[in-house]
Amino acid sequence: MKTVYDFQVKMPNGEEKSLQEYEGKPILIVNTASKCGFTPQFKSLQQLYETYKDSGLEILGFPCSQFNNQEFSQIEKTTEFCQVNYGVTFPIFAKVDVNGPFTDPLFKFLKEQKTGILSPRIKWNFTKFLVNRNGQVMKRYAPTIDPSSIEADLVKLLSLT
């Protein structure tokens, strides 16, 4: 059975990274954008990361410019923006496409595992996928769902209840 651990992703410097490095840890995977109305969600994502990283939580941000071109063209500006404005310390990867003919393989897999309400297509920035310790996609959250409101689901996956 395929899991998220079977995928390679690109770091901002272009190097490949295996998601197998996160094996055994719950992961929240998010397509992000620096110039979006939902960009303040970085603050909630960082708060969740700080609260639960010692319990194993990983948050992985994947910048995307497919929705009204709301991401910087240079990945260095993206990572700097996230760090300076929101104190982001969780990994931000290279920009990806989440829809269309050049969809990143990871996001193709995520969408196959958990479709949206009407289609598998990602509708906007800050769509979130919650992955359990076995690399299986458990839930998909709409962009309008603030990360702080999924804390109960995270706690269950972290077995802190």
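Heads up, the sequence shown is in the numbering used here, so the first residue is 4 and it goes up one at a time. Each residue gets a CB set at the ideal place from its N, CA and C atoms; glycine is no exception. Bear in mind that the values here come from a model prediction, so they are computed numbers and not experimental data.
From the DSSP secondary-structure annotation, give me the bridge partner or partners of residue i.
i              : result
threonine 130  : The partner list for threonine 130 (beta bridge, DSSP) is empty, contrary to what the question assumes.
glutamate 2    : Outside the shown range of the chain (4 to 164) lies residue 2, about which nothing can therefore be said.
isoleucine 78  : Beta-bridge pairing links isoleucine 78 to no other residue.
serine 21      : Gln11
leucine 100    : Reading the sequence as shown, one finds aspartate at residue 100 and not leucine. Aspartate 100 is bridged to Thr106.
isoleucine 125 : DSSP, once it has assigned bridges, lists no residue as partnering isoleucine 125.
proline 43     : Paired residues: none, contrary to the question.
threonine 92   : Its beta-bridge partners do not exist; DSSP assigns none.
Looking at the structure shown, is residue i part of a helix, part of a strand, or coil, going by DSSP?
i             : result
valine 12     : strand
valine 7      : helix
threonine 164 : The pLDDT assigned to threonine 164 is 44, lower than 50, so where the model puts this residue is not dependable, and the model offers no usable value.
threonine 106 : strand
alanine 155   : helix
lysine 142    : strand
threonine 54  : helix
proline 150   : helix
Thinking residue i and residue j are a contact (beta carbons under 8 Å), I'd like their distance in whole angstroms, please.
i               : j            : result
aspartate 100   : glutamine 69 : 6 Å
methionine 14   : lysine 5     : Not confirmed; about 22 Å, so no contact.
phenylalanine 1 : threonine 35 : Absent from the model: residue 1. The displayed extent of the chain is 4 to 164, so no value can be given.
Starting from the C-beta of residue i, find all residues in its chain whose C-beta is less than 8 Å away, skip the five residues before and the five after it, and write them out in chain order.
i              : result
lysine 80      : Ser37
glycine 17     : Ala97
asparagine 135 : Pro29, Met141, Leu160
leucine 113    : Val7, Ile32, Phe132, Val140, Arg143
glycine 59     : Gly27, Lys28, Pro29, Arg136, Leu161
aspartate 156  : Leu133, Met141, Lys142
With a cut-off of 8 Å, does the C-beta of residue i fall near any C-beta of chain B?
i             : result
threonine 147 : No chain B is part of this structure, which consists of one protein chain only.
Just to confirm my understanding: we take residue i, look at its own chain, exclude 5 residues before and 5 after, and list those with CB closer than 6 Å. What are they?
i             : result
isoleucine 62 : Leu31, Leu48, Tyr52, Phe93
tyrosine 8    : Leu22, Gln23, Glu26, Gly138
arginine 124  : Asn102
Apart from the five residues on each side of it in sequence, which residues of its chain come closer than 7 Å, Cβ to Cβ, to residue i?
i             : result
glutamine 44  : Phe129, Asp149, Pro150
glutamine 116 : Val140
valine 12     : Lys20, Leu22, Phe96, Leu109
threonine 42  : Ala36
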